[in-house]
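Chains as they are written, first to last, in this note's numbering: chain A, 39 to 386; chain B, 39 to 386. All C-beta atoms, glycine included, are put in the ideal place defined by N, C-alpha and C. Working notes for the structure below.
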């Protein structure tokens with residue numbers, strides 16, 4: 039997983055195809071060659087052992103895909119993180135959870151609302167997930183600190199960002215749970231935040247957005263929740279308040295309008311979307327037909343992202359054969375994977 | 039229409055059955071007897087002529103169901119007012135209109151929003167309909183006074199209610215249009231307001247609610263609009279603001295969230311609901327089978343309101359026969375008609 043060029047989707051497909059990480063590591067150079075590229079530089083055993091020692095020293099644990107502790111809802115994501123580093127109360131992973139996200143520069147009233155909502159959701163027995171950012175995220179964690187909260191952070195488990203949240207992060211280590219996908223010591227960079235957001239959305243039965251500007255990160259989390267077949271919820275505001283526009287637009291687009299924790303509880307207890315069932319069906323293997331498929335798939339791909347489903351339909355190849363071809367292109371460094379299960383050919 | 043005990047639904051059915059008001063007036067006593075009651079006291083020619091003279095003296099006009107000027111959308115209502123008294127610019131009845139309604143004690147911000155929305159809807163070529171009440175209604179009329187506004191009032195065309203709106207009502211006489219269902223001189227009473235609300239909803243392609251408390255008159259107008267198959271729209275607000283709860287609940291129940299006049303224009307230009315087509319189908323006559331139907335219908339009715347459609351289904355009689363039986367019971371003073379096309383037997 040730490041080898042450059044191997045993302046969560048590739049990781050999962052390699053393990054599904056080769057049964058174990060050891061077998062997959064052995065097969066990667068060959069697969070990459072077939073895809074027409076050079077083999078990725080693989081992480082070494084030594085590097086892995088150094089990270090494991092660091093995690094141990096921090097009092098943190100690994101939670102890995104396939105392990106009993108790994109949250110089943112998160113495992114449903116096609117790009118579920120294969121490895122998470124967790125510090126705090128791992129029992130929180132066993133309970134149903136709801137994400138609360140929103141603007142870093144939210145109004146005081148919205149922060150107060152988020153804190154109260156998080157507190158009340160705790161009363162409903164729900165764990166509150168958020169991203170430990172300023173504003174709404176911090177308010178949500180504070181409101182649910184007694185009842186149970188999970189902070190998913192973009193950097194390493196031991197990195198405090200924003201710096202003023204150090205005390206809050208330490209409190210959640212003690213009384214809640216902090217999750218990080220990146221190795222210890224990683225300073226969060228801009229590209230890490232969408233990865234973090236998919237974990238927030240993926241862990242949760244639903245995501246509530248409280249005050250968000252149009253085109254903000256919170257709306258990305260909402261979109262990821264919708265793509266995962268989870269409930270998207272939003273708190274409305276006056277059209278005269280620009281900070282309410284993102285949420286109002288979400289509601290116009292079909293998000294459930296939320297005024298209270300009861301509204302949230304009602305929404306997430308509705309029958310789950312059919313998306314999950316579809317995704318499970320998708321994971322059932324089919325016979326491979328690699329040689330033919332690789333050429334066809336390569337021809338169908340271009341620089342614009344297209345849904346994998348479309349490639350499968352257009353190629354007239356089996357889903358398994360297309361996935362294998364994409365895996366080979368990916369390992370050859372010739373594929374880009376995008377949000378929403380889209381792929382494109384990387385310009386040479 | 040002015041005869042006691044004859045409401046808009048009965049009026050319309052009598053005219054459909056007997057072809058003219060004169061023939062209907064002659065038939066009423068017999069029908070009432072068949073229904074098991076006494077004949078209603080009919081309005082006299084003299085009374086009618088006095089009202090007509092008063093309307094004329096006020097510079098107002100009658101607009102009657104079936105006349106070319108009568109707004110077609112309003113005519114679609116099962117309980118469309120057979121007679122309206124109109125003072126002002128009758129051309130406004132020819133243009134597509136949208137209702138803006140809301141709380142009398144609305145916040146200053148909401149009134150400002152309503153005024154701006156009404157102004158912008160005028161810019162979209164839409165006439166703004168409201169109820170000339172305090173608060174949101176007044177703001178909506180003010181915003182659309184230049185571009186076109188229709189005030190539907192609960193009392194007589196010459197009665198100013200609330201009194202402080204006298205100047206506003208005179209302005210709308212001059213530059214917009216005022217409509218009244220009640221005869222001149224009628225002081226509005228509580229029961230008149232829901233009737234007024236059905237005209238507001240019925241005239242309009244859609245109704246926008248701006249700030250409304252739960253269980254307020256504005257929500258009744260919204261319900262009437264929905265029942266008429268019109269677009270229901272609402273302006274959201276913070277859950278922390280109690281005055282936003284009615285609108286937020288409407289949106290939860292499926293109303294379109296509105297932030298601007300563009301949102302309204304988009305909503306009402308969507309294909310109309312199928313309700314209208316259904317209602318038209320309903321009006322096609324069927325063979326009468328009165329004697330059998332009256333007994334069956336009477337047996338099916340009780341003190342709790344039930345939908346007429348259910349009576350038709352349960353009676354196994356034709357729709358026309360059931361309507362005729364209901365008409366007879368109605369004229370006999372033994373039927374109550376309720377919102378949503380429900381009927382009940384009046385306790386003896």
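- Counting only unbroken stretches of 3 or more residues, the beta strand (DSSP E) elements lying wholly within the region 50-104 of chain A are 99-102, in sequence order.
- Excluding the 5 residues flanking it on each side, residue 69 of chain A has same chain C-beta neighbours closer than 7 Å at 365, 366, 369, in chain order.
- Under the Cβ criterion of 9 Å, residue 273 of chain A is counted among the residues facing chain B.
- Annotation: Cβ neighbours of residue 290 of chain B in chain A (cutoff 7 Å, chain order): 295.
- Distance from the CA of residue 88 of chain B to the CA of residue 249 of chain B, rounded to the nearest whole angstrom, comes to 42 Å.
- Annotation for residue 241 of chain A: the continuous alpha helix (DSSP H) segment containing it runs 230-241.
- Residues of chain A with a Cβ closer than 8 Å to the Cβ of residue 298 of chain B are, in chain order, 277.
- Among the residues facing chain B, residue 77 of chain A is not included, as its CB has no counterpart in that chain under 9 Å away.
- Non-local C-beta neighbours of residue 252 of chain B in its own chain, meaning closer than 7 Å and more than five positions away in sequence, comprise 283, 284, 287, ordered along the chain.
- Taking a C-beta cut-off of 7 Å against chain A, the contacting residues of the region 139-165 of chain B are 147, 151, listed in chain order.
- Within the region 253-278 of chain A, complete alpha helix (DSSP H) segments of at least 4 residues are found at 255-265, given in chain order.
- At a cut-off of 9 Å between beta-carbon atoms, residue 301 of chain B makes contact with chain A.
- Residue pairing by DSSP places residue 244 of chain B opposite B:136, B:269 in a beta bridge.
- In chain order, 274, 295, 297 make up the part of chain B whose C-beta sits under 7 Å from the C-beta of residue 286 of chain A.
- Under the Cβ distance rule, residue 283 of chain B counts among the residues neighbouring chain A, one pair being separated by less than 9 Å.
- By the criterion of a C-beta distance shorter than 7 Å, residue 232 of chain B is surrounded in its chain by 258, once the five residues flanking it on both sides are discounted.
- Ranking B:52, B:76, B:336, B:154 by CA distance to the CA of residue 65 of chain B puts B:52 first.
- In the structure shown, the three-state DSSP call for residue 375 of chain A is strand.
- Taken through DSSP and simplified to helix, strand or coil, residue 296 of chain A comes out as coil.
- Secondary structure remark: continuous alpha helix (DSSP H) runs of at least 4 residues inside the region 148-191 of chain A, in chain order: 174-181.
- In the three-state reduction of the DSSP assignment, residue 350 of chain A falls in the helix class.
- In the structure shown, residue 209 of chain A adopts helical secondary structure according to DSSP, grouped into three states.
- Put simply, the backbone Cα of residue 335 of chain A is about 10 Å away from that of residue 383 of chain A.
- By the Cβ neighbour-count rule, residue 376 of chain B is exposed, with fewer than 16 other Cβ atoms within 10 Å of its own.
- Annotation for residue 360 of chain B: the continuous alpha helix (DSSP H) segment containing it runs 357-369.
- If you look at residue 123 of chain A, you'll find it in the beta strand (DSSP E) that goes 121-126.
- Per DSSP, residue 250 of chain A is not a residue of any alpha helix (DSSP H), being assigned neither H nor E.
- Exposed is the label assigned to residue 200 of chain B, since fewer than 16 other Cβ atoms lie within 10 Å of its Cβ.
- Between the beta-carbon of residue 222 of chain B and that of residue 96 of chain B there is about 6 Å, and that keeps the pair under the 8 Å contact cut.
- The continuous alpha helix (DSSP H) containing residue 112 of chain B extends over residues 110-113.
- Sixteen is the threshold: since fewer than 16 other Cβ atoms of the shown chains lie within 10 Å of the Cβ of residue 354 of chain A, the residue is exposed.
- Burial check for residue 229 of chain A: the Cβ neighbour count within 10 Å stays below 16, so the residue is exposed.
- Contact between residue 173 of chain A and residue 141 of chain A is confirmed by a C-beta separation of about 5 Å, below the 8 Å threshold.
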